[in-house]
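Read the structure below first, then the notes.
Numbering (UniProt numbering), first residue to last: 1 to 63.
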């Protein structure tokens, strides 16, 4: 008998987190005056997005 490892609640959390990540990246892109400045700040944006997601979803991440 196969094990059912699908967890609907974990799936919904993952979906919400992915949507929020897309929203944050879109906001960051719209806040930059041009694509060059957006590309120049990708690492800082990624850190900020990760910290916001960790705060909102209660993750434990290394600073």
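C-beta: ideal position from N, C-alpha, C; glycine also.
{"Item": "Can you tell me which of the three DSSP states residue 33 falls into?", "Value": "coil"}
{"Item": "Near residue 25, what residues of its chain come up, given a Cβ to Cβ distance below 7 Å and the 5 sequence neighbours on each side ignored?", "Value": "49"}
{"Item": "Just to confirm the assignment, what range does the alpha helix (DSSP H) spanning residue 69 have?", "Value": "It is not possible to answer for residue 69, since the shown part of the chain is limited to 1 through 63."}
{"Item": "Mapping the DSSP letters down to three states, classify residue 38 as helix, strand or coil.", "Value": "helix"}
{"Item": "Do residue 56 and residue 29 have their C-beta atoms within less than 8 Å of each other?", "Value": "no"}
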